[in-house]
Each structure stands twice: as C-alpha cells, then as structure tokens.
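Encoded as structure tokens, the structure appears first; notes follow it.
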Amino acid sequence: MSIKNNFEPLIIVFCCQWCSYAGGDMAGTSHLVYPANVRVIRVPCSGRVSPNLVLRAFQRGADAVLIAGCHPGDCHYISGNNLAYRRFHLFGSFLEFIGIEPERFGFHWISASEGPKFARIMTETTETIRSLGPNLKLRGQR
Amino acid sequence: MKKRIGVFVCSCGSDISSAVEIDAVTAASRRMPGVVYAGDYIYWCSKSGQQMIIDTIKGERLDRMVVASCSPRLHEGTFMKTAASAGMNPYLVEIANIREHCSWVHKDKKEATVKAIALIRAAAAKVARNQELIPFEIPVVPRALVIGGGIAGIQSALDIAEAGYQVDLLERSPSIGGRMAQLETIFPEMDCPARILTPKMLEISSHPDITLYTYTEIEKVTGNVGNFDVTLRLKARSVLIEKCTGCGLCWEKCPVNVESEFDEGLCSRKAIYIPFPQAVPNVSVIDRASCRWFRQGDCAACKKACPPGAVDFNQRDEFLEKNYGVIITATGFDLFKPDTLSQFGCAKHPDMITGLEFERLVNTSGPTAGRLIRPSNGQVPRKVVFIHCVGYHDEKERKSFCSRICCMSSAKHALLFKERYPQTEAYLFYENLCSSGKGFEKFHRRVVEDYGAQYVRGAVSKIKPEGGKLLVHGVDSLNGQELKIEADMVVLAAALIPRSDSLELARLLGIGTDGNGFFSEAHTLLRPVETHKAGIFLAGACQGPKDIAEAVTQASAAASKAIGLLSYDILVSDPCVSQVNSSHCSGCLSCLHVCPYGAISEKIIEERVRGIVFRRLVAEVNEILCRGCGSCTVSCRPGAISLKGWTDEQLIAEVDAICL
Ligand SMILES: Cc1cc2nc3c(=O)[nH]c(=O)nc-3n(C[C@H](O)[C@H](O)[C@H](O)COP(=O)(O)OP(=O)(O)OC[C@H]3O[C@@H](n4cnc5c(N)ncnc54)[C@H](O)[C@@H]3O)c2cc1C
Ligand code: FES
Chain A
98 MSIKNNFEPL IIVFCCQWCS YAGGDMAGTS HLVYPANVRV IRVPCSGRVS
148 PNLVLRAFQR GADAVLIAGC HPGDCHYISG NNLAYRRFHL FGSFLEFIGI
198 EPERFGFHWI SASEGPKFAR IMTETTETIR SLGPNLKLRG QR
Chain B
274 MKKRIGVFVC SCGSDISSAV EIDAVTAASR RMPGVVYAGD YIYWCSKSGQ
324 QMIIDTIKGE RLDRMVVASC SPRLHEGTFM KTAASAGMNP YLVEIANIRE
374 HCSWVHKDKK EATVKAIALI RAAAAKVARN QELIPFEIPV VPRALVIGGG
424 IAGIQSALDI AEAGYQVDLL ERSPSIGGRM AQLETIFPEM DCPARILTPK
474 MLEISSHPDI TLYTYTEIEK VTGNVGNFDV TLRLKARSVL IEKCTGCGLC
524 WEKCPVNVES EFDEGLCSRK AIYIPFPQAV PNVSVIDRAS CRWFRQGDCA
574 ACKKACPPGA VDFNQRDEFL EKNYGVIITA TGFDLFKPDT LSQFGCAKHP
624 DMITGLEFER LVNTSGPTAG RLIRPSNGQV PRKVVFIHCV GYHDEKERKS
674 FCSRICCMSS AKHALLFKER YPQTEAYLFY ENLCSSGKGF EKFHRRVVED
724 YGAQYVRGAV SKIKPEGGKL LVHGVDSLNG QELKIEADMV VLAAALIPRS
774 DSLELARLLG IGTDGNGFFS EAHTLLRPVE THKAGIFLAG ACQGPKDIAE
824 AVTQASAAAS KAIGLLSYDI LVSDPCVSQV NSSHCSGCLS CLHVCPYGAI
874 SEKIIEERVR GIVFRRLVAE VNEILCRGCG SCTVSCRPGA ISLKGWTDEQ
924 LIAEVDAICL
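First to last, the sequence lines map onto chains A and B.
Throughout, my numbering is defined as the position within the first sequence, counted from one, plus 97.
Throughout, my numbering is defined as the position within the second sequence, counted from one, plus 273.
Right, dumping it as structure tokens:
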C-alpha cells in the first residue's frame, strides 16, 4: 500500500455486543454503505476495552481506533460504559499529549437502533483519517 | 497440541456471494494458521448445512471452528448447538460477521473480499485461543417472594400460586390492599374496589400455596437467582394473629386517638386498630408509638376487653430466614405532598385537599360516610376546582415524569362530585390531557358532556383564601382570558412519586433506580419487568406511575417471568465470567470497586513459601453473581483477572490478526 498517493486507512472499532455491535448490524440490514476500511471487534461491553488493546491496534498499524458502547444509562451491565468513558477520556488526553492526533481516537455512544449513526461515524472517520494520513508514530511493523 | 480449526464460509443465498468472492475467501481461509479445513455452502444454517458441519467436524477431526456468515446475534446459538451435537464444546465456535458488517454495507467487491478475509482471520486467531467452557448449574428453590401487597403484588402472588408454586407475600403495613383499597371507585368503568379487590384479598388469605406475612419488612437479602437468602422481620403486632377474631371490642375501649393513615388523616383511629373493615388479615394491631401501655404503662383497656385474650404486650419482633428462587418487587408509590405556598402562594388550607383525600371523603365507608364536605366547615361545596399535574415537572424537586393517572383521576373526581351534587360547578385546570388508555377519551367526554364539568386549559397562578372561600386565579391559555373562581374546595391531583424508602430497598435488593427514584427495569423496551439483577422482577407502580390495569398487566408479566424460572430444577448460567488468578492477585481490590454486581469480594489465602506459611488478601469472584462485563479485567493492576471467553490473549490475537 503506497502511503502517499492512495492511502486507505485502517480503522478498528471496538463495539459492545449489546448496543453498538447491533447498531452495526442495523446499518447492515438497512444496507447503508460505508467504507470497507472499518473493521469491528466485538467485546461484551465497552467497559471490557482496555487501553492496552487500543495501543496494540495502533502499534499493529491501525490509523484510527474507535470505541462504541451503549448510551449513558443503557449499558447492559449498568455502568460499564461510564467506566469506559472515564477511562478513555483520560486515555484520549494521554494520546494527544504524546503526540497522537486526537482525530485518531474516538468514543461514541451508538444504540442498537442507530444504524444510520453507525454508518455516518464510520464514513466520517474514514474521510477524516484519509486526509490526515497514516499513523506513523505508533505503528510497528505492519 | 496443534489446533484443528475448520472454517465454514456461507454464501447466504447470494446475500454474501454477491458482494464477496466466496472462492477467494475460502482459499485464503485455508491458509490461515491452524486451519485444516475451509469450505463454502449456500446456507450453513439450514438443516442440511448443519448436518454437513457435524459430518465435517467428525470427518476432519476439527477441534474448533469459525463460521463466516451473518451476525452472531442471529446464528451464534444455532452453530454452538451444531458444534455440541458433533461433540465439540460450544464455546470453541466463533462467528465472522461477513454479511451485516461486510457484504451488505460495502459496494466494491474487491474491498469487501479483503475485509471478509480479515474478519475471518481475526475469528480464527481468537478461536485458536478459546477454552472449553462449561456452564454452571444453580439449583432453584421453588418458592417466590413477593414484596408489597398492593394490587400488583396480590396479582403476582395469585398467578404464581395458581401455577403451582409456593409464594410468600410480604406486606409492610398491617393489611394488604395497597392504595387501591383506599379508592372509592375505579376509572374507567367506575368499579367498586370492595367488589373487585376484596375477593382477591380473601383469595390470598385462603390460598394453600400462599403464605401471607403482614406487618413484615425485609431485613437482609443475600444470594442470587435460584437461591436468595432473605431475612424477614415480623414486627411485633402485640396481638396474636391466631387468637384475634377481629371483633373490635379492643378498639372500642382504647382511649387513644390517632390520625388514621388509611383515611389520609381526615379522621382518627385508635392506638389498637384494624386499618379498614375489609382488611386482610382482619386482625388488630397495636401502634406502639401511640399506645398508652407502651408510652406510660398505665393502661391495659384492650387487653382486659379482648374475649379470646389475643393482646400480648410482650411480643417481640421476630426474624425469619427463608430461601427463594425469585423475588418480585411490588412496593407501589407515594403521593407528592404539594407545597402550596411555593406553588400557589398560600399556606395549606383545610379545603385544599389531595386526590386521595377526596377519595376518602366521598367513600361510603370513609370518615363522612360518603358525604363530600368541606373540612373547614362541614358544608357541601358548591364550586370545586380540580388542578391536574401538581408536582409534575417540578424543577426544584426534579420530577420530570407524567403521573399517568392524574388526568383520569381528576375526571373521575369531577364525575363523582357532579353525579352526587348536580347543582354544582366543577372546573378542571389542565395543561396537557393524558388519556391514552382504553376508553379514557370517551370518559373525559362523558364528564364534560353528560356531567357539565368545565375544562380549562391553563395554569393556576395563585390561590387566596378570602371570606371563607378559596379565590383561584388562573389563565385560560386557549383564549388568554384571566379567570377568577370563588371555589369552596380545591382538589390537587398530586404526582405519584417513588416510595420514600425506595432507595434503601433498592440497596437491600441490589437493584437500580432511575433518575426519579423508581426502580429501573433492565431494558425499557425489551425487558420491562426484569431488573438488572437476575431473578428479581418488578410489578406495579414501584417501577413508575401506573393505573390499575397497567399495574396488573405488569404483575402478571412479572409472575410469568418468575414462573419461567421456577419451572427449572436447575438453572444453567453463562460460563463467560471473570476469574481471579490468585497467585498474581496483589489484593489491591480495584476490581471490587468497579464491579456493578457486587460479585467480587475479598478472601484470605494461605501460601507456603519455603516452608513458611503466609496469609494474603486476594480478590474472589462469585461466578453466579458475575454477569461477564469485563470491567474488572481492565481495572486489575497485576492483570490477575480474566474474563472467560474474552481474555486479553484472545482479544489481542484478534487485534493482531485483523490489522494484518
Ligand atoms: C387519588 C388516586 C386515584 C386513583 N384512581 C385510580 C382509578 O380510578 N383507576 C385506576 O386504574 N388507578 C387509579 N389510581 C392508581 C392506583 O392507585 C395504582 O395503579 C395502584 O394502586 C398501583 O398498585 P401497586 O400495587 O403497584 O402499588 P400500591 O397500591 O402502592 O401497593 C404497594 C404495597 O406495597 C407495600 N409496601 C411498600 N413498601 C414496602 C416495603 N418496603 N416492604 C413491604 N411492603 C411494602 C405498601 O404498604 C402497599 O400495600 C389512583 C391513584 C391515586 C393516587
Ligand atoms: S453493554 Fe454496551 S456499553 Fe456496556
């Protein structure tokens, strides 16, 4: 993949299995087209995602990493999404502090019925990262 | 040992194959680490497809598999069962979602094919690290506990008992019946509670499978679905239930008068009393806070008067420990106490009453034998103003919900008033009319057309007591006209609010409350009677304001959920729960603080190092309480906790493979 000319970003999305993953399914059943750059990893709850996994994805060449969970108050496990939100709010600042563009990392609330929102976020993120360029800083050997 | 992974690629008719090169995907799968078989088929989920999977597992000696197909939310369960019937542990199956997350959302066939291969690679990398898991078995105690003896609790208890299970119905007050027993008539059919509620109350007391504990509270709850350990506190009634005949001689002799709770303080009762004539059980109780014997020790009038000798001053609170498979919470609601000063600029006046007080005043067995009178002077009011939604949307009190019954109960009150005293005027101030129930719209129209009640859309700004009347100032927001009504009585439809102790009960039970303090359901749309805690269900107004029809509907729904659980001898629970490796655990207990289910506790272990025994604090997971969210694994400092089925190793392998 030549980096300069037609750069295609790799976007890893951690989706909680109860809401956001189902939101992705909803985008599918509604045939809402979004870029194939996006790859989803299913987790039980956004609260299960550790910073370690996010860093790992960046190191393995992800150009952006998103975490998606149930809306506040809707977490299948009561408060996992709140914990995740707090954790990644701090972690996002940390990434920015060490020189990672804030656009490369995002936390979103996507419910099971928000197929259009899922597709929109995936499209927007892909476009943003396309113009931002590849993640060279954290990437190890791809 | 080398893994033997099989990959089953589905074309899903043409739903996948039209956007993804199936052959290329299958060929690529065959080259993935650990994969010994990859094949495609038009519908793996079909009967023949499943049989082919079974045959392949056996023929190829597969020890785990990936199905690349539709969303795991559709067929993960199907393929787990298929695996199980081929003798493979069902937790050694992973799904790669190449339909909803790929073929249906990407137009470019080349890109979609590359992505499908990446998704399968990730699933194969994960499944290579999956462990065999075996669900736990929890024996179920075949008895239910219903907390709260209002109409909701009564309905739940009867339904469960009718299904053949034992039920304990626990009621805090001396009698069951709840708020419904206080009502005069019931909208929309204008039924009489004595006619429809009393038989149900009697059925409770006579049903062989129902044990009724009145004047009883919950003291402690431990355990979990299938086997809750509950301590009941049977408060001292000071009257022996077995002996009391309910004759009433005791309260005739009792010298102490106290405001009657059942009559909303509109009249008095004695310190020894039966709350209302249809009470179940029909047994007296001594209110020790007001009784002279307990205050001063110089009266025993009731004891002397009681023919069967049922009065027992020495009775003590009794504690009873019982086990239940399921719990239904049906503790109902309280009524908002209107702050008339801040809302209408006038201190509480005797002729300003709440809807529930109105119910008592027009009740044939109420304090005035059904004659509606002004508490201030005993006269029948000529003009009554009914105000809807009092306390609703109250910013200060932070209540932002609709009470659901106020519009209808105000209409009912206007109807009762006009029916009994036709030569009068009734005004109803409303801002929004909520008449969503069956027949409600017709009811409102009837109140206006047949009974001539006058609806005013608008707010009451001020009420001023003047010359023996209540001067009600308001604005009709439909025509902008200011109104001044010289009312004899004002009836406030006070909001339904959570029980004042709802938070304490929620804490005891380990269930959640919503922003307003009502108990919260697990999912508003899809799990409306379950709570977040497995085995605890909600019925009636404790979950949010409801009319009786809704409360009963929910009560029956909760009962059927409970019956569903009780019908199992053994519950099988998801084995994907957290696990502590105590040799790595540092005892920091960060996990304990993030666990939303209280599933983690501390434990002391003994370790022997070079012959010396050390005692050390570690965390321990209660595998039955754990629901498998995985928050603890992230908070764990030494990385000692892992979530089975979603371990770091599995997820990291997935990340690595998906990024390739
Ligand atoms: C003024 C007014 C008029 C109404 N008119 C109508 C009408 O005409 N038609 C209609 O359909 N609905 C009407 N309603 C609504 C109706 O009252 C409720 O729908 C119904 O009472 C809800 O029943 P419930 O069993 O959920 O709660 P409740 O009736 O509140 O019963 C709850 C029971 O639980 C007990 N309890 C509470 N906490 C505990 C505890 N911690 N431990 C043990 N026991 C506990 C209480 O003592 C009570 O007995 C009216 C309500 C009001 C206020
Ligand atoms: S289950 Fe969706 S965020 Fe917790």
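By construction, the Cβ of each residue, glycine as well, lies at the ideal position given by its N, Cα and C atoms.
In this text the structure is predicted, and so the values were computed from the model without any measurement.
Could you tell me the boundaries of the beta strand (DSSP E) in which B/E594 lies?
-> Looking at the DSSP string, the run of the beta strand (DSSP E) that includes B/E594 is 591-597.
For B/Y488, three-class secondary structure by DSSP | DSSP places B/Y488 in coil when its eight states are reduced to three.
For A/L235 and B/C285, the rounded distance between their alpha carbons = Looking at the two C-alpha atoms, the distance is approximately 39 Å.
Hey, is B/P869's beta-carbon within less than 8 Å of any beta-carbon in chain A?
-> Answer yes: the Cβ-Cβ gap between B/P869 and chain A drops below 8 Å somewhere.
With 8 Å as the threshold, decide whether the Cβ of A/S147 is near any Cβ in chain B.
-> Judged by the 8 Å Cβ criterion, A/S147 is in contact with chain B.
Whole-angstrom distance between B/L443 and B/F592, CA atom to CA atom = Each residue's alpha carbon lies about 13 Å from the other.
Thinking C-alpha only, which one of B/L799, B/M463, B/V764, B/L782 is nearest B/I624?
-> According to the sequence as given, residue 624 of chain B is Asp; it is not Ile. It is B/V764.
Closer than 8 Å at the beta carbon, the chain B residues around A/H128 = Residues of chain B passing the Cβ test: W377, V378.
B/V477: first and last residue of the uninterrupted alpha helix (DSSP H) it sits in = It should be pointed out that residue 477 of chain B corresponds to Ile in this sequence rather than to Val. Element bounds for B/I477: 471-479.
Using three-state DSSP, classify B/K737 as helix, strand or coil.
-> The three-state secondary structure of B/K737, taken from DSSP, is strand.
Of the choices B/T386, B/K331, B/K595, whose alpha-carbon is the least far from that of B/G360?
-> Of the residues B/T386, B/K331, B/K595, the one whose Cα lies closest to the Cα of B/G360 is B/K331.
Just the C-alpha distance for B/R719 and B/N530, rounded to the nearest angstrom, thanks.
-> A straight line joining the alpha-carbon of B/R719 with that of B/N530 spans about 42 Å.
So which residues of chain A does B/T906 contact, with C-beta pairs closer than 8 Å?
-> Listed along chain A are R145, S147, each with a C-beta nearer than 8 Å to that of B/T906.
Please list, in chain order, all residues of the same chain as B/I390 whose beta carbon is under 6 Å from its beta carbon, the five residues on each side excluded.
-> V298, A301, listed in sequence order.
So what does DSSP say about B/V378, is it helix, strand or coil?
-> Secondary structure of B/V378 (DSSP, three-state): coil.
Ends of the beta strand (DSSP E) at B/A766?
-> Note, B/A766: beta strand (DSSP E), 762-767.
According to DSSP, which residues form a beta bridge with B/Q569?
-> Answer is none; B/Q569 lacks a bridge partner.
How would you call B/G725, buried or exposed, if buried means at least 16 neighbouring beta carbons within 10 angstroms?
-> Around the beta-carbon of B/G725, fewer than 16 other beta-carbon atoms lie within 10 Å, marking it exposed.
Give the DSSP-derived three-state secondary structure of B/F792 in the structure shown.
-> Of the three classes helix, strand and coil, the one that applies to B/F792 here is strand, per DSSP.
Listed by chain order, chain B residues near A/Y174 by CB distance under 9 Å = Those are H805, P869, Y870, R900, G901, C902, G903, S904, listed as they occur along chain B.
Can you pull the chain B residues whose beta carbon is under 8 Å from the beta carbon of A/I109, in chain order?
-> V928, I931, C932, listed in chain order.
Quick one: what's got a C-beta closer than 8 Å to B/A684's C-beta in the same chain, skipping five residues either side?
-> Within the same chain, F460, L701, F716, H717, V720, A726 come within 8 Å of B/A684 by CB-CB distance, once the 5 residues on both sides are set aside.
What separation, rounded to the nearest whole angstrom, lies between the Cα atoms of B/S274 and B/V413?
-> Per the sequence shown, residue 274 of chain B should be read as Met rather than Ser. Inter-residue distance for B/M274 and B/V413 is about 39 Å (C-alpha atoms, whole angstroms).
Say the cut is 7 Å; is the CB of B/M338 nearer than that to a heavy atom of ligand 1?
-> Not so, every heavy atom of ligand 1 lies at least 7 Å from the Cβ.
Any Cβ of chain B within less than 8 Å of the Cβ of A/D122?
-> It does; some Cβ of chain B falls within 8 Å.
Are the C-beta atoms of A/L233 and some chain B residue less than 8 Å apart?
-> Not closer than 8 Å to any Cβ of chain B, the Cβ of A/L233 fails to qualify, so no.
On the premise that B/D288 lies in contact with B/S344, defined as a C-beta separation below 8 Å, what is that separation, rounded to the nearest angstrom?
-> Contact flag wrong, Cβ pair sits at about 12 Å.
Hey, could you find the ends of the alpha helix (DSSP H) B/F606 is sitting in?
-> Looking at the DSSP string, B/F606 is not in any alpha helix (DSSP H); the run it does join, the beta strand (DSSP E), is 606-608.
Beta-carbon proximity check, B/A732 vs B/E704, cutoff 8 Å | With respect to B/E704, B/A732 sits close: the two C-beta atoms are nearer than 8 Å.
Just jot down, in chain order, the residues whose CB lies closer than 6 Å to any heavy atom of ligand 2.
-> Ordered along the chain, the selected set is A/C113, A/W115, A/C116, A/C142, A/S143, A/G144, A/G166, A/C167, A/C172, A/H173, A/Y174, A/G177, A/N178.
For the stretch 283-343 of chain B, list the alpha helix (DSSP H) runs that are entirely contained and at least 4 residues long, ordered along the chain.
-> Listed in chain order, the complete alpha helix (DSSP H) runs (minimum 4 residues) inside the stretch 283-343 of chain B are 295-303, 320-332.
Taking the DSSP output, what are the residues bridged to B/N497?
-> Paired residue(s): B/N500.
Taking DSSP as the reference, what is the three-state secondary structure of A/L192?
-> Correct three-state label for A/L192: helix.
Hey, is B/G605's beta-carbon within less than 8 Å of any beta-carbon in chain E?
-> The structure shown contains no chain E; its protein chains are A and B.
Can you find a CB in chain A that lies within less than 8 Å of the CB of B/G817?
-> Chain A contact via Cβ: absent.
Between B/R516 and the rest of its own chain, which residues show a CB-CB distance below 6 Å, the 5 nearest in sequence each way excluded?
-> Before going further, note that residue 516 of chain B is Lys rather than Arg in the sequence given. P581, A583.
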